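Counting in this note's numbering, the first sequence runs from 550 upward without gaps. Where is the CB? At the ideal position from N, CA and C, for every residue including glycine. As the structure is a prediction and not an experimental result, all values here were calculated from the model. Down below is the structure, laid out as structure tokens.
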Amino acid sequence: MDQEQITGSLNPQQLAAVTAGDGPLLILAGAGSGKTRVVTSRIAWLIAEKQVKPWNICAITFTNKAAGEMRERVNRMVGFGAEAINVATFHSTCVRILRRFIDRIGYDNHFVIYDSDDSKSLLRDICRDQNVNTKVFKERMILSRISAAKDELIYPADYAAWAGNDQESVTIAGVYAEYQRRLKNSNALDFDDLIGLTVRLFQADPEVLLYYQERFRYLLVDEYQDTNKAQFVFVSLIAQKYRNLCVVGDDDQSIYRFRGADIGNILNFEKIFNDAKVIRLEQNYRSTQTILDAANAVIANNQGRMRKTLWTQNGQGGKVTLKRFDTAQQEAYYIVDDIARLKRKGSFQYGQCAILYRTNAQSRALEEQLLMENVPYSIIGGVNFYARREIKDILAYLRTMANGTDDLSVRRIINTPKRGIGETTVLRVADYAASCGTSFMEAASHAAVVPGLGRSASKITEFVRLIEKLRSQSAGKNVADILKMVVKETGYVEELEAERTDEALDRIANIDELISKAAQFDQAAEKIGAVEGEGSVQSGAELHAGQVRTGLPALQDFLEQVALVADIDSLADDADRVVLMTLHAAKGLEFDNVYLAGMDDGLFPSYHSISSGEKEDLEEERRLCYVGITRAKKRLTLTSAKSRMLRGQTEWYRVSRFIDEIPEELLDDNRNRQTAGGQNEIGGNDSYHMLSKAQAERKREHEEFRAKPFYMRGSSQHTGSSKGTGSFAGTGLRTAGSSASGQGSVTFGKVDLSALKGSNLQKTADLDYQEGDRVRHIKFGEGTVRKIADGARDKEVTVEFDRFGVKKMLAGFAKLKKL
DNA sequence: AAGTGTTAAATTTTT
DNA sequence: TTTAACACTT
């Protein structure tokens, strides 16, 4: 492609960004401003005009999907030689580096990657072994502290030093150190390690760093506003030498602060790289002016932004629709009905419609309604396919085969399917392994000398033999065949078949799906097979290169790929289905017709962000809202419900404060409009009367769906990667045991706080009992209040019950009555 | 060792 | 509502 083809149709700002010379470059790219186009054009331009070698270019994204898209476009623009450009995610880029060089910092190059589930089990073991009271130190809390430390490149020793005398921090420092020690013993890396250890490798080994500085002379980073400190350092180290660092991002779309993303990385880019060039892309090619006006108005309420205002040459477009309903079911009914109506009218295909929400739990009501109306859909998010039990089990076999030192995987499968090996046996082997300083598998292979095993020893030996057999039979096979063999030899599917339940059938189907994914992987590997390692293709679908590998090496490649897939990666845009996902998952996507469901204060913005008192929390929610609004190209609908069922309880909500931030003239607002009968204009879910045959059938299907356990839902034809989420929704406001009126609208901040009686917000309010008082609990009976302490979110009350001993509970939950 | 029942706990977003 | 850990049984 020549220069004219590359730069021909760019606007002046885009052109400036594409053709900017060497040195640090910050491209502030507003939503829908043609960011990907600019990045890919710049890559093409560097090669065509600056004679940069393709293999000296590295483009980094956050998701495989983004990497895949960029790869595709780069291939199209650059043509010959494009495959030598490194286009990959942070994580997979780091994995490749570590696979090659991690032995230089004392790890084994054949490490496995632990997902968050694995991390959690590991942590549970540690807490048990170290007698950490998980009532006080919640596992999730510890994990997030460890993760935050790693994001900040704080190693266990630093953490311990920092902890000083603070008891809580000292405990966590101890757990962190042990966690890291066990990871290393298992030859495992968690997600954060992938970045953190790469940085450590660079810092420890100048030779390796120099190698990558030379190799990646031109570095481009997408979604820069979401980088954390470790990622920032990683990028900076590589860019240090040639300083050709081009970062692209939008501070208004930074939505991963909770996960360690540091918006300062983009806000301070000019300060850190003082000769940086800054280019703003403010022309939007995506949305109507009305939609942009709404987005601009909302985000204007945030402080500390980089100046930037979106505009478009697209028309004004229709107003933003705002609908308020009594219940989430009515909200769902309206949305689905609207989609079906527009489809009938020929206005939009299903695939052009998206329903976005704050929390995964909201998908349920929508999903039920979509089923009722027979509207095809797919859900992104919930429980990751690779996080399902049966999938994790099978993968644990593969991991054990590929890396026998991975204790967690070995222990996961040692009695799955059941082989009569119980917990005590496992603990004895684990103890022995610990005392010898070997891995669990190593100890198991000497079962005869492990003390106290008795008759179980033979069972352990049998298991070890099974693994050996699986290993030796893998030789020369591709991954799909290895998988089939594993399933057969272990009797895993056999056991499921014997169960004869729907659930078991579902699990078997998932295993089949895994096998076909493996087959796809094998195919891709064969295709690329001829290309040699280092400078080769790496994209979402085909993470691998090098010679065609079989047996255990192939297995390792496969494991690596599946460890790094995210939900959003599976979104296929060719199917004509309505897409449901969280606002987070929607970043980077666009749809003609968008519904933002659940615009309720306490849900969105979340209760947490409202009550934390941190301005930054609310601002992040607002950025999320900005992201949501700017997904829409032509039509945007905001919906809200006065009440929703949450954890079996009805919660009442006021309309989201973000709605108030949108100028009224942009809104088509039904909030107070009622139909003649005084009824809300939208039908509810009690419209079951007068069912047609087809409707009756749908109703039956629907009820079947409802009867299914949550984790089983979504494998139906209607859904792609639907995963029935088990997650919880944000805590809304609870009007305790409330007057069923529904008038109880509650407002935070400046407004009406009168309805807060009995709500969670009682935190700061007074409890009607104090220390020393006698109280009654609905389950525990009578007791004496020993202590009332301020907890994170609510007051923690310690009560000594007459018959149940001392309990610590949250005041909001306990509902204690003073006697 | 394995299966069953009970109970407590809880509240976001996920590379 | 859902889950996961725990206690209790067989």
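Simplified DSSP assignment, three categories, for residue i
| i | result |
| --- | --- |
| N1027 | coil |
| E1163 | coil |
| K1008 | helix |
| S1241 | Annotation note: pLDDT 41 at S1241 (below 50); position unreliable, no value reported. |
| T1268 | Residue placement at T1268 cannot be trusted, given a pLDDT of 34 that sits under 50; what the coordinates show is reported in the next sentence. Coil. |
| M855 | coil |
| F611 | coil |
| F897 | coil |
| Q1072 | helix |
| S1155 | strand |
| Q752 | helix |
| A849 | coil |
| G1332 | strand |
| D1150 | strand |
| I662 | strand |
| F807 | helix |
| D956 | helix |
| N833 | strand |
| A631 | helix |
Pairwise C-alpha distance: residue j and residue i
| i | j | result |
| --- | --- | --- |
| E1409 | G617 | Nothing can be reported for residue 1409: it is not among the residues displayed for the chain, which extend from 550 to 1368. |
| S670 | L957 | 8 Å |
| E1331 | V1324 | 6 Å |
| L1045 | K1008 | 21 Å |
| S1264 | R1126 | Since pLDDT at S1264 reaches only 30, below the 50 mark, its modelled position is unreliable, and the value read off the structure follows with that caveat. C-alpha separation (whole angstroms): 15 Å. |
| K1336 | E717 | 20 Å |
| R766 | Y906 | 40 Å |
| I721 | T908 | 29 Å |
| G655 | Q898 | 55 Å |
| V719 | S665 | 23 Å |
| K1367 | A1190 | 35 Å |
| A788 | A631 | 21 Å |
| A1029 | A825 | 49 Å |
| C643 | N823 | 27 Å |
| A737 | L769 | 29 Å |
| K1026 | Y882 | 51 Å |
| P573 | E1017 | 53 Å |
| G809 | K1136 | 17 Å |
| G628 | Q600 | 15 Å |
| V797 | L1015 | 51 Å |
Bounding residues of the alpha helix (DSSP H) (the contiguous stretch that carries residue i)
| i | result |
| --- | --- |
| L891 | 877-894 |
| E763 | 755-764 |
| Y773 | Element bounds for Y773: n/a, residue is neither H nor E. |
| T638 | Looking at the DSSP string, T638 is not in any alpha helix (DSSP H); the run it does join, the beta strand (DSSP E), is 635-638. |
| I691 | 688-700 |
| A914 | 912-921 |
| D739 | From DSSP, D739 is part of no alpha helix (DSSP H) but of the beta strand (DSSP E) over 737-739. |
Beta-carbon contacts of residue i that lie in its chain and below 6 Å, excluding the five residues immediately before and after
| i | result |
| --- | --- |
| T974 | S1005 |
| R1206 | D1150 |
| K699 | D741, G745 |
| L891 | F897 |
Contacting residues, own chain, Cβ-Cβ under 8 Å from residue i (five flanking each side not counted)
| i | result |
| --- | --- |
| L1108 | V661, I662, L944, L947, R948, A951 |
| K1033 | I1064 |
Start-to-end residues for the beta strand (DSSP E) that takes in residue i
| i | result |
| --- | --- |
| G798 | 794-798 |
| I928 | 926-928 |
| L595 | Counting along the chain, L595 falls outside any beta strand (DSSP E), though it belongs to the alpha helix (DSSP H) covering 584-598. |
| T1186 | 1181-1195 |
| K826 | 826-830 |
| A903 | 902-906 |
| Y1144 | 1140-1145 |
Neighbourhood of residue i by C-beta, 7 Å cutoff - its chain only, sequence neighbours within 5 removed
| i | result |
| --- | --- |
| L1215 | T839, D842, A843, K868, V869 |
| A846 | E1210, I1211, P1212 |
| I904 | I884, L915, V1127, L1129, Y1144, A1146 |
| M855 | L577, D800, L816 |
| G583 | Q563, L830, Y834 |
Residues that residue i bridges to, as DSSP identifies them
| i | result |
| --- | --- |
| N560 | None, per the DSSP bridge assignment. |
| Q865 | DSSP, once it has assigned bridges, lists no residue as partnering Q865. |
| M1130 | L905 |
| E618 | Partner(s): none; E618 has no beta bridge. |
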